[in-house]
Amino acid sequence: MVELVDTQDLKSCGHCGRAGSTPAPGTHSILRMIIDLRSDTVTKPTAAMKEAMLSAPVGDDVFSEDPTVNRLQSLAAEMFGKEAGLFCPSGTMTNQIAIKVHTVPGDEVICDEGAHVHYYEGGGIAFNSNCSTKTVSGQRGVFTAEQLQQALRPRDIHFPRTSLVTIENTCNRGGGKVFPLKNIEQIRSVCDSNGLRLHLDGARLFNALVASGTEAENVGKQFDSISICLSKGLGCPIGSLLLGDKEFIDKARRIRKVLGGGMRQGGFMAAAGIYALENHIQRLSNDHQMAKEIEQILNESELVKHVLPVETNIVVFELNPEIVVSNFIEHLKRDNILAFQVGPAHIRFVTHLDVPEIAPSIIRSALLTYSSSSSAVGI
1 MVELVDTQDL
11 KSCGHCGRAG
21 STPAPGTHSI
31 LRMIIDLRSD
41 TVTKPTAAMK
51 EAMLSAPVGD
61 DVFSEDPTVN
71 RLQSLAAEMF
81 GKEAGLFCPS
91 GTMTNQIAIK
101 VHTVPGDEVI
111 CDEGAHVHYY
121 EGGGIAFNSN
131 CSTKTVSGQR
141 GVFTAEQLQQ
151 ALRPRDIHFP
161 RTSLVTIENT
171 CNRGGGKVFP
181 LKNIEQIRSV
191 CDSNGLRLHL
201 DGARLFNALV
211 ASGTEAENVG
221 KQFDSISICL
231 SKGLGCPIGS
241 LLLGDKEFID
251 KARRIRKVLG
261 GGMRQGGFMA
271 AAGIYALENH
281 IQRLSNDHQM
291 AKEIEQILNE
301 SELVKHVLPV
311 ETNIVVFELN
321 PEIVVSNFIE
331 HLKRDNILAF
341 QVGPAHIRFV
351 THLDVPEIAP
361 SIIRSALLTY
371 SSSSSAVGI
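Once you know that position 45 of the sequence shown is 45 in this note's numbering, the rest is easy, because the numbers rise by one and skip nothing.
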């Protein structure tokens with residue numbers, strides 16, 4: 001990412017052409033490179049995507065009359081072997097709609113303890129669906145059919161009725177770990193044996209598909225509903241899709257309206273989604289490759305205690321105990337690297353299409369300069 005900044009805001013930095021470079025006399029702003037690794041949600045539309053958005057035919061989607069929205073919904077549903085789709089503003093909304101459709105008040109939802117629907121959606125399961133959650137302790141977000149079986153409650157009036165299981169793929173808090181298809185198939189079998197619905201939070205599902213080489217339709221047939229996000233690695237400015245059979249989507253459309261998610265000329269945003277599905281999926285492997293390069297750099301650094309094995313585009317690492325996390329993040333920021341703290345000593349980097357190719361070498365340099373600085377330890 002390159003942005004225009006005021007020269008008076010620039011601080012000392014050793015990288016030419018970035019913040020800290022000496023501006024030419026009489027100039028008031030220069031271009032600097034920002035390496036934003038906080039999330040893949042920070043991506044901005046490419047020029048080609050913006051062109052597709054501006055030229056999109058539109059209508060009123062609340063009346064189901066926006067041709068571009070309808071095309072996007074059909075395209076995504078067909079990819080995963082589903083009958084229908086629903087375009088929504090966010091992945092949180094698609095997840096919450098799915099949970100609402102699959103449950104009745106008083107039910108219980110089973111998920112991993114770090115699942116987005118449980119950890120990061122503001123208690124939405126309780127707020128929107130009047131349901132409780134029962135969590136299992138998976139390995140970096142991946143749990144097994146045996147764990148699910150053990151978590152099921154007996155059919156007894158004293159207990160909530162378990163009606164839904166949710167899986168997240170890839171697992172955000174697990175450092176972008178891929179949920180293996182074999183595990184999913186075994187979990188599906190347990191769900192079928194116990195009359196349970198299975199929902200997929202696929203916020204980074206395309207990262208999982210690219211990394212594992214799995215066909216979308218092979219994943220789609222395992223689930224009653226699927227949420228896919230367009231505004232992360234695929235680079236759209238907004239939007240997620242909920243996929244399922246026609247009856248499910250009819251119910252979901254009504255709930256979307258109740259939640260205030262109905263959009264009118266949504267085709268301008270849907271066009272970005274179509275462009276992304278047609279052009280940005282395979283390039284995700286570039287993000288994965290860069291994440292692996294960063295993983296190697298971090299493993300070689302004396303500042304880093306441990307790095308979770310990288311499978312996709314998320315790198316989670318733990319700093320050594322003597323390193324003050326806030327100081328480390330500020331040091332990166334002075335080098336125009338933006339990062340995110342995800343634990344007491346843990347930091348997350350997320351690679352995406354707006355991260356420049358030079359990022360790994362700049363990260364390496366920032367680690368070296370921190371190691372040699374007098375403020376590196378304990379303050």
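Using N, Cα and C, we set each Cβ at its ideal position, and we do this for glycine too.
Once the 5 residues before and after Val62 are set aside, which same chain residues still bring their CB inside 8 angstroms of it? Locating residue 62 in the sequence shown gives position 62, counting from the first residue. Correct list, in chain order: Lys257, Gly262, Met263 and Arg264.
In whole angstroms, what is the alpha-carbon distance linking Gln147 and Arg364? For the purposes of this step, residue 147 is identified with residue 147 of the sequence shown, where counting begins at 1. For the purposes of this step, residue 364 is identified with residue 364 of the sequence shown, where counting begins at 1. Rounded to the nearest angstrom, the gap between the Cα atoms of Gln147 and Arg364 is 40 angstroms.
Quick check: the segment 80 to 100 against the segment 135 to 143, are at least 3 beta-carbon pairs closer than 8 angstroms? With a cut-off of 8 angstroms, the segment 80 to 100 and the segment 135 to 143 do not count as touching, because too few Cβ pairs lie within range.
Cβ pair Arg253, Leu353 closer than 8 angstroms: Position 253 of the sequence shown, counting from 1, holds the residue named residue 253. Position 353 of the sequence shown, counting from 1, holds the residue named residue 353. The answer is no: Cβ separation not under 8 angstroms.
What number of angstroms, rounded off, separates the C-alpha of Arg38 from the C-alpha of Ile281? Within the sequence shown, the letter at position 38 stands for residue 38. Within the sequence shown, the letter at position 281 stands for residue 281. Rounded to whole angstroms, Arg38 to Ile281 spans 21 angstroms at the Cα level.
How is Lys305 classed by DSSP in three states: helix, strand or coil? The count along the sequence shown starts at 1 and reaches residue 305 at position 305. Three-state DSSP puts Lys305 in a strand.
Go through its chain and collect everything with a Cβ distance to Asp60's Cβ below 6 angstroms, but skip five positions before and after it. For this step, residue 60 is matched to residue 60 along the sequence shown. Arg264, listed in sequence order.
With DSSP collapsed to three states, give me the class of Thr369. Translated into the one-based positions of the sequence shown, residue 369 becomes position 369. Reduced to three states, the DSSP call for Thr369 is helix.
Can you list, in chain order, the residues of its chain whose CB lies under 7 angstroms from that of Phe159, leaving out five sequence neighbours each side? Counting from one through the sequence shown, the residue named residue 159 turns up at place 159. Result list for Phe159: Arg153, in chain order.
Per DSSP, Asp201 is paired with what? On the sequence shown, residue 201 is found 201 positions in, with the first residue counted as 1. Partner residues in the beta bridge of Asp201, as assigned by DSSP, are Glu168 and Ser227.
Between which residues of its own chain and Leu234 is the CB-CB distance below 6 angstroms, once the five residues before and five after are set aside? Position 234 of the sequence shown, counting from 1, holds the residue named residue 234. Only Ala276 and His280 meet the Cβ criterion.
Between the segment 193 to 207 and the segment 160 to 173, do at least 3 Cβ pairs fall closer than 8 angstroms? Between the segment 193 to 207 and the segment 160 to 173, the count of Cβ pairs shorter than 8 angstroms is three or higher; the stretches touch.
For the structure I just gave you, are there three or more beta carbon pairs, one from the segment 122 to 130 and one from the segment 90 to 109, closer than 8 angstroms? With the cut-off at 8 angstroms, the segment 122 to 130 and the segment 90 to 109 touch.
Boundaries (first-last residue) of the alpha helix (DSSP H) holding Asp192: Locating residue 192 in the sequence shown gives position 192, counting from the first residue. Per DSSP, Asp192 is one residue of the alpha helix (DSSP H) stretching across Leu181 to Asn194.
Using CA coordinates, which residue listed in Asn183, Ile337 and Gln96 is at the minimum distance from Leu164? Locating residue 164 in the sequence shown gives position 164, counting from the first residue. Taking only the C-alpha atoms, the option nearest Leu164 is Gln96.
For Phe143, name the three-state secondary structure that DSSP assigns. Along the sequence shown, read from residue 1 onward, the residue named residue 143 stands at position 143. In this structure, Phe143 counts as coil in the three-state DSSP scheme.
On the DSSP bridge assignment, give the partners of Gly244 in chain order. Locating residue 244 in the sequence shown gives position 244, where the first residue counts as 1. Within the DSSP bridge table, the entry for Gly244 names Ala84 as partners.
Range of the contiguous beta strand (DSSP E) that encloses Ile314: Position 314 of the sequence shown, counted from the start, is the residue given in the question as residue 314. Annotation for Ile314: the continuous beta strand (DSSP E) segment containing it runs Ile314 to Leu319.
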